[in-house]
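Structure record follows, encoded as C-alpha cells.
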Amino acid sequence: MSVTATTSPAVGTLYVSPSPRSRGMPRVTMTLRSVVSVGSILTKLQQDCATPLPVIRHVADSMTADMRAGLAVDGGSNLKMILSYVDSLPSGNEKGLFYALDLGGTNFRALRVQLGGKEERVVATEFEQLSIPQELMFGTSEELFDFIASTLAGFAEKESKKFHLPHGRQREIGFTFSFPVKQTSIDSGILMKWTKGFAVSGTAGRDVVACLNEAMERQGLDMRVSALVNDTVGTLAGARYWDDDVMVAVILGTGTNACYVERTDCIPKLQGPQSSSGRTIINTEWGAFSDGIPLTVFDRDMDAASINPGEQIFEKTISGMYLGEIARRALVTMAGEGSLFGRAVPNKLSTPFALRTPDICAMQQDNSDDLQAVGSILHNVAGIESSLSARKIVLEVCDALVKRGGRLAGAGIVGILQKMEEDSRGTIFNKRTVVAMDGGLYEHYPQYRSYLQDAVTELLGSEISKNIVIEHSKDGSGIGAALLAATNSKYDHDF
Ligand code: ADP
Ligand code: MG
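Under this note's numbering, the first residue of the sequence shown carries the number 1, and numbering increases by one thereafter.
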C-alpha cells in the first residue's frame, strides 16, 4: 500500500493555494489545505532521506576510506578502528564453566555456560536479563557498577549442579561492554565516552574492568574478568564458534556497531609485538561514521536536542534508539502544520521518544484494509484518533525512515567487505563469507532486514552477493564473551 502526495487524488484535483486570509475560509477548504501541507511535508521527507544507488555507493566507499584512515593512525578518521586484543577466535575445543556479562544500551544480561569441547560443545547454559533502571543511566559510576555486581552476585548464587568449577579456581567472566572503549589489553580498557543516551558520571577516562572489580569487591564477590569485549566482538566470536566463514559481525539494536577480522600487516598504527595468528579483530565503532548520509530536518533537530550533538550520525540514522523518535518528530510537524490528526497536536505525541522503534515496527506489520492495528497503536502510544488516510501517511513516514536505515546499514556492510576484499583479493567475494548480525532491531524488524539485504545485493551485484551470507546470530555475543573468557583464561587449559 502506498500513499504519496503526488498520487493522492485529493491533492491533485482539489488544490487550493495557500492564502494568508485562510482563516476566513470555509472549513472544508481548511481540510483540503491540510492535506496539501501534509503531502508536501511527506514528499520533502522522502526526498531528503532517499538512498538511491549512487548515495549508498558513496556511503560504502566512504566507509572503506574511513576504515583505512582510522587504521593508519589513531584519530585519523571518524572511525576509531579500535584494537580488540582478540587475536585468536574460539576453536570449539574450549572446556569448563565461564560467565558472561552484557551491558548493552537497554538490557543487562548475566549468563553462564558449561563448555564441553569439540564433541559436546555447549553442555548447559543459563541466563538472567534485566532492563537497566532509567535512573542508573544518569547516576554515578559506582551506582551503575554496584547494580551490575549485585545482579551478578545474585545470579552466581543460583548456579545449579549442571555447572562445574574445578576446585581452587576463580570463576572467570567475559565482560561485554557495548560502548566505545580504548582497549589496553584483553582484560582492560578505558571508556572514551558514553553513547545511546547514557550520561553516567565518573566513568569516562576510567578502566571499566577496574570499575567492575571494585564493585565486585564491595559486594564480596570473588570473580575475575578475563576478557573485556565489545558486543560486536562477542557476536563475531560466538558465531565463529559454529561457522569458520564468519568474518564480520554487526549489531543493530539500541545503537549500532561492527567489527571484522583484519590482517595485522594492514594496520599501520599497530605498534609492538604482533599476534602469532597474523590476524586480529578490529572494532570499527562505525556509529560515528557520517560522510554522505542523507539527513532530514527531523534528524537535524533530534541531533541538536541529543546529549551528543554532531556525534554518532550513522547510529542516529540507522539504529533502534532513534528511528521511532525521528518518525515522531515528522508526525508532530505534520500534525502541527498540516492538521494530520485534526486541529490540535496530540499532547502525548509531543513527548520526546514517546513513539518507539518497536511501535513503528508493529504498525508496519499491519496488512489490514482499515489499518486497525496502526490506529490502535497511535491511540495507545499517543492518544491519537486517526483517519484511514492519516494512518497511511504515518506508514509512509515509517517506511521512508526504515528504508533509509536498512539501506545505509547494508551500504556500511559492503564498505567493510570491499575493504577486506581489496587487501586480500578473492578471499571475501569469491567464496562463502558470513556476516553475523545481532540486536533487537535486526531481529524483530522484517522490513529493515529486507531493505538492508536489497542494498547489499544492489551494490555487489547478484553473483557476488550469493557468496555473502548475512544471517542472524541470536545471542551470540553472550556465549561469545564466555568463549573469549575461556580462550584468555588465566588457568592452564587443555584446548
Ligand atoms: P541493546 O542494543 O541495548 O544491547 P538489543 O539488542 O536487545 O539491546 O536491542 C534493543 C533495541 O532493539 C531496542 O532499543 C529497540 O530499538 C529495538 N527493538 C526491540 N524490539 C523491537 C521490535 N519489536 N521492533 C523493532 N525494533 C525493536
Ligand atoms: Mg546488546
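Just so you know, even glycine gets a beta-carbon here, dropped at the ideal spot from N, CA and C.
| message | Can you tell me which residues form a DSSP beta bridge with C259? | response | A249 and N283
| Nearest candidate by alpha-carbon position, reference G480, set V229, V55, P52 and L130 | V229
| field | Beta-carbon gap between V261 and V435 smaller than 8 angstroms | value | no
| Beta-carbon proximity check, N347 vs G320, cutoff 8 angstroms | no
| task | Step through the CB atoms of chain D and report whether any lies within less than 8 angstroms of the CB of P273. | result | This model lacks chain D altogether, as it is built from one protein chain only.
| request: Please classify S178: is it buried, with 16 or more other beta-carbons within 10 angstroms of its beta-carbon, or exposed? | output: buried
| Tell me, which residues are paired with N107 by DSSP? | S131
| Are there 16 or more other CB atoms within 10 angstroms of the CB of T140, so buried, or fewer, so exposed? | exposed
| request: List the whole-angstrom C-beta distance separating G287 from T333, where the pair is believed to meet the contact cut-off of C-beta under 8 angstroms. | output: About 26 angstroms separates the two Cβ atoms, so there is no contact after all.
| field | Residue burial classification, L371 (beta-carbon count within 10 angstroms, cutoff 16) | value | buried
| What alpha helix (DSSP H) runs, 4 residues minimum, are completely inside the stretch 136-172? | 141-157
| message | Pairs of beta-carbons, one from the stretch 179-188 and one from the stretch 271-278, closer than 8 angstroms: are there three or more? | response | no
| query | For the ligand MG, any of its heavy atoms closer than 7 angstroms to the Cβ of G253? | reply | yes
| query | What residue range is occupied by the uninterrupted beta strand (DSSP E) comprising I470? | reply | I468 to H472
| Name the DSSP beta bridge partners of E126, please? | R112
| Is the Cβ-Cβ distance between L484 and A237 less than 8 angstroms? | yes
| query | So is the beta-carbon of D506 under 7 angstroms away from any non-hydrogen atom of the ligand MG? | reply | Only positions 1 to 495 of the chain appear in the structure, and residue 506 is not among them; the question remains open.
| message | Measuring alpha carbon to alpha carbon, tell me which residue in I282, L42, P352 and W242 is nearest D301. | response | P352
| query | L97 by DSSP, collapsed to three states: which one? | reply | strand
| Between Y445 and the ligand ADP, is the CB less than 7 angstroms from at least one heavy atom? | yes
| Below 8 angstroms, can you find three or more Cβ-Cβ pairs linking the stretch 49-68 to the stretch 292-300? | yes
| query | So, helix, strand or coil for M192, using DSSP? | reply | coil
| task | Assign G478 to buried or exposed, taking buried as 16 or more other Cβ atoms, counted over all protein chains shown, within 10 Å of its Cβ. | result | buried
| task | Examine the ligand ADP and report whether any of its heavy atoms sits within less than 7 angstroms of the Cβ of L378. | result | no
| query | So does the stretch 446-462 actually touch the stretch 396-407, counting three or more Cβ pairs closer than 8 angstroms? | reply | yes
| request: Look at T284 and D87 and say whether their C-beta atoms are less than 8 angstroms apart. | output: no
| field | DSSP state of I267 mapped onto helix, strand, coil | value | coil
| Roughly how many angstroms separate the alpha carbons of S185 and S84, rounded to a whole number? | 8 angstroms
| query | F341 by DSSP, collapsed to three states: which one? | reply | coil
| query | Is Y99 near R109, with beta carbons less than 8 angstroms apart? | reply | no
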